[in-house]
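The structure appears right after this line, and notes come after that.
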Amino acid sequence: PQGVPCAGGHHCCPQGSHCSADGKSCVVSPGTGAATGGARVSLEQGARKSLTPSPLSAAPRAVPCPDGQSECPDDATCCMTASGAWGCCPMPQASCCADKVHCCPHATVCDLAHGRCLSPAGHDVPLGTTFPAWKRRPSVPVVLRQVLCPDGRSACPDGSTCCQLPSGQYGCCALQN
């Protein structure tokens, strides 16, 4: 299973979630199928609690970076790193800090001197840390082939066989031919 590293690199959250601003819990993104929107999972020291996504959950979405070749997990922000490559801040619409290593939640300002993110409301949080973006993979169209059953109405996935049921209807058997 893939995870999303949290600030500091000591914890990570399961795919379909992101780290909270304080890095102490995972926030499940709405609409991922992993849980209901806004759910939080607390992180224990040195370990993470896992969430099992529904097998019917949608494919994970990604945020494309400006170079067109890199991407970050959904609900992350692309930030340029000190090496010149793109990195990911584990927060949506984050502010990338001038040191090209850290980032802050949306609507906060980097205070590198004090290692904090300053919010207008006075709720300061620790700086987030970026992690490497990955290279985008071109989307490959999925071609689903089917075998038409003798009744002309039913079909089975390629690699399976149409089997006539006692009712006269057709079902699909996992055996080929």
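Here the numbering used here is used: the first residue of the sequence shown is 357, the next is one more, and so on.
Even glycine gets a Cβ: it sits at the ideal position worked out from N, Cα and C.
Host beta strand (DSSP E) of residue i (start-end)
| i | result |
| --- | --- |
| Thr433 | 433-436 |
| Ser439 | It is not in any beta strand (DSSP E) - Ser439 carries neither H nor E in the DSSP assignment. |
| His458 | 458-460 |
| Leu474 | 472-474 |
| Thr517 | 517-520 |
| Leu504 | 502-504 |
| Ala418 | 418-420 |
| Asp514 | Asp514 -> no beta strand (DSSP E), and no H or E assigned at all. |
| Cys466 | 465-467 |
From the options, residue whose alpha carbon lies closest to that of residue i
| i | options | result |
| --- | --- | --- |
| Pro476 | His462, His470, His458, Ala489 | His462 |
| Gly440 | Gly524, Cys421, Ala511, Pro522 | Cys421 |
| Val481 | Gln525, Gly424, Met447, Gly524 | Met447 |
| Asp431 | Pro522, Trp442, Arg417, Cys473 | Arg417 |
| Cys473 | Asp507, Ser451, Leu521 | Ser451 |
| Arg509 | Gly527, His470, Leu468, Ala469 | Gly527 |
| Thr486 | Cys460, Cys518, Thr464 | Cys460 |
Exposure label - residue i; buried when at least 16 CB within 10 Å
| i | result |
| --- | --- |
| Gly484 | buried |
| Ala438 | exposed |
| Asp507 | exposed |
Nearest-angstrom Cβ-Cβ length linking residue i and residue j, presumed shorter than 8 Å
| i | j | result |
| --- | --- | --- |
| Pro534 | Cys444 | With the chain covering only 357 through 533, there is no way to say anything about residue 534. |
| Cys529 | Ser516 | 6 Å |
| Trp442 | Asp455 | Rounded, the Cβ-Cβ distance is 16 Å, inconsistent with contact. |
CB of residue i within 8 Å of CB of residue j, strictly
| i | j | result |
| --- | --- | --- |
| Cys466 | His458 | yes |
| Ala511 | Ser426 | no |
| Gln502 | Pro513 | yes |
| Cys434 | Val419 | yes |
C-beta neighbour in chain B for residue i, strict 8 Å
| i | result |
| --- | --- |
| Ala511 | In the displayed structure, chain B is absent; only one protein chain is listed. |
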